[in-house]
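Numbering-wise, the sequence shown is residues 1491 to 1743 according to our numbering.
Have a look at the structure below before the remarks.
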Amino acid sequence: MNLRDLVYRLYAHRVERRLDLSQGPKHIGVILDGNRRWAKASGGTTEQGHKAGASKIQELLGWCSETNVEVVTLWLLSTDNFDRPEEELKPLLGIIEDAVRDLAADGRWQVHHVGTMDLLPAGTQLVLKEAEQATVGNKGILVNVAVGYGGRQEIADAVRSLLHDHAAKGTSYEDLAEIVDIDMISSHLYTRGQPDPDLVIRTSGEQRLSGFMLWQSAHSEYYFCDVFWPAFRKVDFLRALRDYAARHRRYGG
């Protein structure tokens, strides 16, 4: 261990020791951004960047487990990403499939897919379904893997599901218009039954949500980190928690 690593570990320990975990976030959403730029900066390929990003996921979940986080939502593939060239998208989907298999094989996490299945190749759909089935009942962190996910698409899907549900019950559109409310729409989201994210972290220096959990993040705190996702360290995570703890959440009050 060199001097720099030693100083880093001591600093991370100092930050962690001063955190009040009882006041920490229970649900963290993470926009895993910067894989391609990290690869370019380090002289690697785009595929190497995505693989490096995927290998960081288990580390993050370990840190979350140590700090009493209960739900983590990982944005792995957006609906916009389908516009990428086939030579990049196909390997990326393979890397995501491997990452999801690893999460399921770990044995600690409960895996849940959030996103539009119909947009995904059959093989990817199968991996996601098998991971969910294999991890039902696991007591560890609930890990939402957002694959083929877009916030606007989620809201549209929720409204569509709501309409189908009430059409099957024979509810007229006029009656539905009178009774529809926020809770009804929330009950049809991909994350129905889950708490909304307390904290949303985005890496790579970008300061926007890009459509991530638009409905659920209405009262979330945001933390934008300059480092690219593959270079995200425990101290960066702890700084995000420290920043969250320093804020006074008023929920509009």
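Heads up, the beta-carbon is just placed ideally off N, CA and C, and yes, glycines get one too.
Among 1720, 1734, 1733, 1732, which one has its Cα closest to the Cα of residue 1529? Translated into positions along the sequence shown, residue 1529 becomes position 39. Nearest option by C-alpha distance: 1720.
For residue 1685, does the count of other Cβ atoms within 10 angstroms reach 16, so buried, or fall short, so exposed? Here residue 1685 is taken as the residue at index 195 of the sequence shown, counted from 1. Label assigned to residue 1685: exposed.
Can you tell me whether residue 1625 is buried or exposed, with buried defined as 16 or more other CB within 10 angstroms of its CB? Position 135 of the sequence shown, counted from the start, is the residue given in the question as residue 1625. Buried.
Unbroken beta strand (DSSP E) run spanning residue 1714, endpoints: Position 224 of the sequence shown, counted from the first residue, corresponds to residue 1714. First-last of the beta strand (DSSP E) with residue 1714: 1711 to 1714.
Please report the distance separating the alpha-carbon of residue 1526 from that of residue 1536. For the purposes of this step, residue 1526 is taken as the residue at position 36 of the sequence shown. For the purposes of this step, residue 1536 is taken as the residue at position 46 of the sequence shown. Spanning the two alpha carbons is a distance of roughly 5 Å.
DSSP-derived helix/strand/coil call for residue 1656: The sequence position of residue 1656 within the sequence shown is 166, counting from 1. Helix at residue 1656.
Compute the Euclidean distance between the alpha carbons of residue 1726 and residue 1715, then round it to the nearest angstrom. Translated into positions along the sequence shown, residue 1726 becomes position 236. Translated into positions along the sequence shown, residue 1715 becomes position 225. Each residue's alpha carbon lies about 8 Å from the other.
Examine the ligand SAH and report whether any of its heavy atoms sits within less than 8 Å of the Cβ of residue 1631. Absence of the ligand SAH from the depicted structure is noted, as is the absence of any ligand whatsoever, leaving it without description.
May I ask you to list the residues that DSSP assigns as paired with residue 1725? Your numbering for residue 1725 matches position 235 in the sequence shown. Paired residue(s): none; residue 1725 is not in a bridge.
Which residue marks the beginning of the alpha helix (DSSP H) containing residue 1614, and which one marks its end? One-based indexing of the sequence shown puts residue 1614 at position 124. Element bounds for residue 1614: 1612 to 1625.
Since residue 1559 and residue 1518 should fall inside the 8 Å C-beta cutoff, what is the C-beta to C-beta distance between them, to a whole number of angstroms? Here residue 1559 corresponds to residue number 69 of the sequence shown, with the count starting at 1. Here residue 1518 corresponds to residue number 28 of the sequence shown, with the count starting at 1. The Cβ separation is near 6 Å, so the contact holds.
Unbroken alpha helix (DSSP H) runs of length 4 or more, entirely within the region 1496 to 1570: which are they? 1525 to 1531, 1536 to 1545, 1547 to 1556
Collapsed DSSP secondary structure at residue 1632 in the structure displayed: The residue you call residue 1632 lines up with position 142 of the sequence shown. In the structure shown, residue 1632 sits in a strand (DSSP, three-state: E or B).
Rounded to whole angstroms, what is the Cα-Cα separation between residue 1534 and residue 1552? Within the sequence shown, numbered from 1, the residue matching residue 1534 stands at position 44. Within the sequence shown, numbered from 1, the residue matching residue 1552 stands at position 62. Rounded to the nearest angstrom, the two C-alpha atoms are 27 Å apart.
For residue 1700 and residue 1598, the rounded distance between their alpha carbons: Numbered from 1 along the sequence shown, position 108 holds the residue referred to as residue 1598. Numbered from 1 along the sequence shown, position 210 holds the residue referred to as residue 1700. Residue 1598 and residue 1700: Cα-Cα distance of roughly 30 Å.
With a threshold of 6 Å on Cβ separation, who are the neighbours of residue 1689 within its own chain once the five nearest residues in sequence on each side are excluded? Counting from one through the sequence shown, the residue named residue 1689 turns up at place 199. 1515, 1518, 1711, 1734.
By how many angstroms is the C-alpha of residue 1590 removed from the C-alpha of residue 1605? As a first step, residue 1605 must be located in the sequence shown, where it is residue number 115. As a first step, residue 1590 must be located in the sequence shown, where it is residue number 100. The straight-line gap from Cα to Cα measures roughly 14 Å.
Going by CA-CA distance only, name the one from 1539, 1561, 1737, 1538 that's closest to residue 1713. What you label residue 1713 is simply residue 223 of the sequence shown in a count that begins at 1. Nearest option by C-alpha distance: 1737.
Under the three-state reduction of DSSP, which class applies to residue 1706: helix, strand or coil? For the purposes of this step, residue 1706 is taken as residue 216 along the sequence shown, with counting starting at 1. Of the three classes helix, strand and coil, the one that applies to residue 1706 here is helix, per DSSP.
Alpha-carbon spacing of residue 1657 relative to residue 1592, whole angstroms: The count along the sequence shown starts at 1 and reaches residue 1657 at position 167. The count along the sequence shown starts at 1 and reaches residue 1592 at position 102. Answer to the nearest angstrom: the Cα atoms are 40 Å apart.
Less than 8 Å between the CB atoms is what I'm expecting for residue 1635 and residue 1564, so what's the real figure, rounded? The sequence position of residue 1635 within the sequence shown is 145, counting from 1. The sequence position of residue 1564 within the sequence shown is 74, counting from 1. Contact flag correct, Cβ pair sits at about 6 Å.
How big is the Cα-Cα spacing for residue 1575 and residue 1547? For the purposes of this step, residue 1575 is identified with residue 85 of the sequence shown, where counting begins at 1. For the purposes of this step, residue 1547 is identified with residue 57 of the sequence shown, where counting begins at 1. Near 24 Å, if we compare the C-alpha coordinates of residue 1547 and residue 1575.
Exposed unless 16 or more other CB atoms sit within 10 angstroms - verdict on residue 1692: Along the sequence shown, one-based indexing puts residue 1692 at 202. By the 10 Å Cβ count, residue 1692 comes out buried.
Residue 1531: buried (16+ other C-beta within 10 angstroms of its C-beta) or exposed? In the sequence shown, residue 1531 corresponds to position 41, counting from 1. Looking at its Cβ environment, which holds fewer than 16 other Cβ atoms inside 10 Å, residue 1531 is exposed.
Have a look at residue 1510 and residue 1687 and give me their C-alpha separation to the nearest angstrom. Sequence index remark: in the sequence shown, residue 1510 carries index 20 (1-based). Sequence index remark: in the sequence shown, residue 1687 carries index 197 (1-based). The straight-line gap from Cα to Cα measures roughly 18 Å.
Give the straight-line distance between the Cα atoms of residue 1694 and residue 1674, rounded to the nearest whole angstrom. For this step, residue 1694 is matched to residue 204 along the sequence shown. For this step, residue 1674 is matched to residue 184 along the sequence shown. Using only the alpha carbons, I get a separation of about 35 Å.
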